[in-house]
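These protein sequence lines map, in sequence, to chains A and B. Each residue of the first sequence is one higher than the one before, counting from -3 in the numbering used here. Each residue of the second sequence is one higher than the one before, counting from 34 in the numbering used here.
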Amino acid sequence: MPDNLYQSNFNFYQNANADASEIKDNFLVRQIPYRIIMENIGRSYGKTSTQHYLLVGRRGSGKSTLLKRLQVEIEADSKLRELYFVINPAEEQANMYRLYDLLEEVIRELEYNGIDVGEYEFHEETHAFTRQLFSMIHAAVERTGKKLILLLDNMDRIFDNVGEDAHLLREDLLNYSGDIKIIGASTRVTEHFWRYDKPFYEFFRIMKLDPLTSEEMRALLLHWSKKMNLPQIEEFVMNKPGQLETIRILTDGLPRTLQFFVNILLTRAPETGYEYLRLIMDQMTPLYQERLNALPPAQRKIVLQMAFIWEAAGAGDIAATTRMENNVVSAQLKQLAGKGIVEKLDTGGRNHLYRLAERFFNLWLIFTQGSPREKRKAKYLTIFLENFYGVVEIENLAKDHLMAVEEGEIDPNKAALLTKAYAQSKYVSSSIRELLIEKTLLLPGIHEELKRQLPPSYINIMTEVLGMTDKRAWKKAFSLIEAIEQDDGVKDFLNGLVYLIMEEYSTAESLFLTAVNKGAKGVFSIIGYTYLLQCRFDLAEDYALRDLAEGYRRWMTYITLSWAYYSQNKAKPETVEMIKQLAKKDSSWATLSFLIVAKAWNGEFEELESDMYRLLESRRSYMSNIFIELLVHYQANLVHKFFLQEKFGKQLTEELLPLYYATQILVTSDSRNSLIIPPELQQPVDDLLNRIKRKQQFYYEKTKA
Amino acid sequence: MEKHWISPATITGDAATGSQYLRRAYINEMFWREVKKGNHILFVAPRRVGKTSIMKDLAENCPEGFAGLYQNIEGIRSGNEFYRRLFELILQCVHRSPVSKAKSFLEKCVQKYSIKEISRSGIKLDVKELNYEQEIRDLVPQLKESEVHTVIFLDEFSEVINKLNRQGQQEETVAILHTLREIRSDDNFKHFTLVFAGSIGLEHVITSIDRPKLINDLHRIITGPLRDSEATQLIRQLTNEATIQLSDEVIMTIKNSVRHLLPYYIQLMVEELDLMAGEYQQPRITSEMIETAFHRVLRKDKNFEDWLERLKSYHAEAFPFINDILKHTAHNGSITVREIYNLASREKYQRTEDYMNFVDQLVDDGYLEEKEGHVYSFISPFLHQFWLKKFPIYA
Chain A
-3 MPDNLYQSNF NFYQNANADA SEIKDNFLVR QIPYRIIMEN IGRSYGKTST QHYLLVGRRG
57 SGKSTLLKRL QVEIEADSKL RELYFVINPA EEQANMYRLY DLLEEVIREL EYNGIDVGEY
117 EFHEETHAFT RQLFSMIHAA VERTGKKLIL LLDNMDRIFD NVGEDAHLLR EDLLNYSGDI
177 KIIGASTRVT EHFWRYDKPF YEFFRIMKLD PLTSEEMRAL LLHWSKKMNL PQIEEFVMNK
237 PGQLETIRIL TDGLPRTLQF FVNILLTRAP ETGYEYLRLI MDQMTPLYQE RLNALPPAQR
297 KIVLQMAFIW EAAGAGDIAA TTRMENNVVS AQLKQLAGKG IVEKLDTGGR NHLYRLAERF
357 FNLWLIFTQG SPREKRKAKY LTIFLENFYG VVEIENLAKD HLMAVEEGEI DPNKAALLTK
417 AYAQSKYVSS SIRELLIEKT LLLPGIHEEL KRQLPPSYIN IMTEVLGMTD KRAWKKAFSL
477 IEAIEQDDGV KDFLNGLVYL IMEEYSTAES LFLTAVNKGA KGVFSIIGYT YLLQCRFDLA
537 EDYALRDLAE GYRRWMTYIT LSWAYYSQNK AKPETVEMIK QLAKKDSSWA TLSFLIVAKA
597 WNGEFEELES DMYRLLESRR SYMSNIFIEL LVHYQANLVH KFFLQEKFGK QLTEELLPLY
657 YATQILVTSD SRNSLIIPPE LQQPVDDLLN RIKRKQQFYY EKTKA
Chain B
34 MEKHWISPAT ITGDAATGSQ YLRRAYINEM FWREVKKGNH ILFVAPRRVG KTSIMKDLAE
94 NCPEGFAGLY QNIEGIRSGN EFYRRLFELI LQCVHRSPVS KAKSFLEKCV QKYSIKEISR
154 SGIKLDVKEL NYEQEIRDLV PQLKESEVHT VIFLDEFSEV INKLNRQGQQ EETVAILHTL
214 REIRSDDNFK HFTLVFAGSI GLEHVITSID RPKLINDLHR IITGPLRDSE ATQLIRQLTN
274 EATIQLSDEV IMTIKNSVRH LLPYYIQLMV EELDLMAGEY QQPRITSEMI ETAFHRVLRK
334 DKNFEDWLER LKSYHAEAFP FINDILKHTA HNGSITVREI YNLASREKYQ RTEDYMNFVD
394 QLVDDGYLEE KEGHVYSFIS PFLHQFWLKK FPIYA
């Protein structure tokens, strides 16, 4: 078994040059156009209407092979070879400058096949000369009784060269209908074939060679597997339908490009993915290099920049990156589209979008033409790896790479490049990602630029995001998060955090839950907290408990759970104990303030007043809720005391005036307390009193009963 | 591998002949009626309507006493080449006739011109170059002797005239037109009919050289789309031996989806249905498949791209205005003359004086059709959908 398909007789570029039996045996796809054309050939001899065909498809789509297959079939069929001469000039047909060049080639082929066409001499009056050649060909057809089938590859180029002689060709085809059938091939339907004022307007039946379907690709691969005795291919086809589909898309469904991928399957080197990809790219180089070199400098520059942009871009964007003028770029793009190298995406408006027509060519350009420090290089290594290897394999490859980094078995710069690639992959978990970044940064000798290009760790991202939220720079925060490639919940979590800070709780909740579904860990606590803020206490309790069950022992979890219990008036002793334990390690305002409430709820008043004073000393804002809860728990006098307190009583009274009046009413039943309330504050005071009363009923009604 | 699948006998590009051709008898009758009256004919129709097929059929099926010969002459590049070709065609045409007088007439010509060979490729003479224009003037009156009325079908004559004119040979162009006019109007040239047709309208070309009178004697036969019953007949003819099966209902649906029943569009649909049926190995065509086929034909938008490009190149300056009319029609289903005038009144167009010229041209060129009350809509659903696809937004 060969190590490498390339070492076998697998002929990548010139499948059409294989011998007749190989052509026939290996012809599996493109069956429909083949059948239609052969059937037409079979029944049209002697008829005076001739259907001419134009096969249209990208380079590598199998046009030349189809032409050759037709030729093989006609020449092999005993009946058809008596009726037809097949003429298939050299694939490139570089010498066909005028129509008479083509006709001379036809005559040469006829002579080669033993048909005496007659003598002729070239003369300057080329129009008459061309007519003479036509006349000789038709005479030969009439003498032999055999019609001509002309297989013309790159027919668009021929028509570009033929120019006004196209009228002469059409005249002849219409006047001698039946003598000559043209089956041409082209990468595109040029205006020769669709413009109204051109002679061959809608003259050919166009047969498009679309990208291979999944079934066709399967059939082709299984055939190669059997024919070349390579069971690995069959194994791949049977076991990896997902990757097969990805390959089909990545190769644009082109048989020729598919052959290179087959080689990948068979020669999986033990080196890193980067080396592996290099190998594949090297194999494609002769074909693609020729394509690139054939372009004039301006077009080459445009093609390269488009490769780096990758997505479809407008002429203006391309002009900006190439630093060329807009109208120059537009003109060049038109030419490149004409050559089939660029694909134009019609936006329906004036400004269309453009991208390279073949994705694999795009990848090749990035890998071979960019500098090693090209940012995009890693990104498209990522895309390639993801596309080719799929979810499970790429995580394994990332782990292999991590090991290689930890053991110092890889060149630091290469390590950095691959780390970037894996870190940007949505299939590599966040934990591996973080480790890769951390370990790679420790490697000595990495080029500074590459180091800078390594993606930030999540801690860094979160710190930066929170910094943005402090300034209420929401857009920037979201934008920062958006750059994260992984789709394992980290992004959703961070987005949820931002929405939480924006107080859009419902959106935050949804994002956190999504993060959980995607496998993010340690999110329950914040989900619980979000429910708490939405007063959905049962769910807050549930998620806080789930967080604890996962082994987390976090402040947020305890606070959430405590408040959830409190708000549901349950688990009183446990809650108080929980908060007391928490307060031993954490003396934040939030913990202390809730401790006060919990103690009052639990009927523990020891040191309650001193705790309150301590709280007021540290921060006087946000006292409103604490006071209300104390009032709920019948501590009106304590609260009243704070309003009268010398140091900060006045300030508290001013800030919390409705609460002061409410407290006054609760302290004494003196009706004057109600009368002195300014009318504009009456409603807020009443609302407060009602709220307190409702909560008292909630907390104490059952108890009383 | 599927069982042997037979595709319909469609033909696009070359002229349809034999079993692939649907004869429209009323056209043939009209033609011979006019020829017998002594008229010379101009076939008027855009491309892909079937002019070439009609002419070939007429040439091959002449009534008694007539001999016809079709020739595409678009490759001709000079006046002399034109006359030489016409001269040869006349003789070739007479050569085709079985009438004995025609044969003896031809014998005399063979002697006179030292003709070595008459074949489908032309005539070989054993003499130096002749003044073919003069020879034609001499030859045609003598056709009476052959007792055969010679009918010469010159396809793409307008292309020849156009080309000569573009090459700066306007004098020669006008001279040819004069000569032909003289031949046609001379009483001595009564056993001879010329039939013209071309992708580029001859009238358009003649107008460009400002000589409309030189063809105003020609009898115009306007060929348009098929009638409903003809379309049915064509579909049946094309699919007679094919694997696909089409019920009457399906044929009706095909016609309704094409609406503007040009043989070319009908064949595009039949070919697409055959492709689809072959892919799924389902010979019985359903109405759902027709809708899919319609959109597949439309997606291969090179079929219709030219309709847009033509407007851009022929009416470069007025294109935005014309396109606005078409976009409005596409998005609203139709456009009234009031709405057209409203568009024409826009500051950026200011076409209130000549807006109807463009509308008439859109009708003549097969984009729109006029319904009663000066309401216009796309003549073909293909064009309608193509315009919607090209211009999905219209404010």
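Backbone N, C-alpha and C fix where the C-beta goes; we use that ideal spot for every residue, glycine too.
query: Spatially closest choice to A/Leu626 from A/Leu662, A/Leu640 and A/Lys646, by CA coordinates; result: A/Leu662
query: B/Ser179 beta carbon less than 9 Å from that of B/Ser147; result: no
query: Test: A/Phe189 CB closer than 9 Å to a CB of chain B; result: yes
query: Helix, strand or coil at B/Met34 [DSSP, three-state]; result: Confidence at B/Met34 is low in this model, with a pLDDT of 39, below 50, so its placement is unreliable and no value can be given for it.
query: Where A/Gln564 sits in the DSSP three-state scheme; result: helix
query: For B/Glu236, the nearest candidate out of B/Arg217, B/Glu192 and B/Gln203 (CA to CA); result: B/Glu192
query: Span of the alpha helix (DSSP H), counted from its first residue to its last, around B/Gly311; result: Pro296 to Tyr313
query: Test: A/Asn347 CB closer than 9 Å to a CB of chain B; result: no
query: Three-state secondary structure assigned by DSSP to A/Lys340; result: strand
query: Environment of A/Leu341 [buried if 16+ CB atoms lie within 10 Å]; result: exposed
query: Segments assigned alpha helix (DSSP H), at least 4 residues, entirely inside the region 207 to 271 of chain B; result: 235 to 241 and 261 to 271
query: Contact belief for B/Val127 with B/Val181 at Cβ below 8 Å, rounded distance in angstroms; result: 6 Å
query: For B/Thr183, the three-state DSSP class (helix, strand or coil); result: strand
query: Listed by chain order, chain A residues near B/Ile106 by CB distance under 7 Å; result: Glu167
query: Collapsed DSSP secondary structure at B/Val77 in the structure displayed; result: strand
query: C-beta contact flag for B/His328 and B/Ser413 at 9 Å; result: no
query: Cβ neighbour criterion (16 or more within 10 Å) applied to B/His211; result: exposed
query: Exposure label - A/Pro195; buried when at least 16 CB within 10 Å; result: buried
query: Contacts of B/Thr85 in chain A (Cβ-Cβ under 9 Å); result: Leu170
query: Residues of its chain near B/Asp47, where Cβ-Cβ distance is below 7 Å and the 5 sequence neighbours each way are ignored; result: none
query: A/Trp585, buried or exposed, once every other Cβ within 10 Å from all chains shown has been counted against 16; result: exposed
query: Rounded separation between A/Gly56 and A/Leu250 - CA only; result: 6 Å
query: Spatial distance of B/Ala42 from B/Leu279 (CA atoms); result: 14 Å
query: Counted within 10 angstroms of its Cβ, other Cβ atoms place B/Asp387 as buried (16 or more) or exposed; result: exposed
query: Per-residue burial, B/Asn273 [other beta carbons within 10 Å of its own, 16 or more giving buried]; result: exposed
query: B/Ala100 - containing beta strand (DSSP E), residue span; result: Phe99 to Asn105
query: Contact set for B/Tyr382: own chain, Cβ-Cβ below 6 Å, skip 5 residues either direction; result: Phe354
query: 9 Å Cβ cutoff, A/Tyr152 in contact with chain B; result: In the sequence as displayed, the identity of residue 152 of chain A is Asp instead of Tyr. False, the Cβ-Cβ gap to chain B never drops below 9 Å.
query: B/Gly1 in three-state terms, based on DSSP; result: No information on residue 1 of chain B is available, as it lies outside the stretch 34 to 428 that chain B covers here.
query: Coarse secondary structure for B/Val408, derived from DSSP in three states; result: strand
query: Stretch pair the region 84 to 102 of chain B + the region 279 to 290 of chain B: three plus CB contacts closer than 8 Å; result: no
query: Through-space distance from A/Ile176 to A/Ile32, alpha-carbon basis; result: 18 Å
query: Proximal residues, the region 41 to 73 of chain B versus chain A, C-beta separation under 7 Å; result: Ile44, Thr45, Gly46, Asp47, Ala48, Ala49, Thr50, Gly51 and Gln53
query: Contact list for B/Leu308 against chain A, beta-carbon separation under 7 Å; result: Ile28
query: Near-chain B residues of the region 122 to 135 of chain A (beta-carbon distance less than 8 Å), N- to C-terminal order; result: His123, Arg127, Ser131, His134 and Ala135
query: Beta-carbon proximity check, B/Val238 vs B/Met88, cutoff 9 Å; result: no
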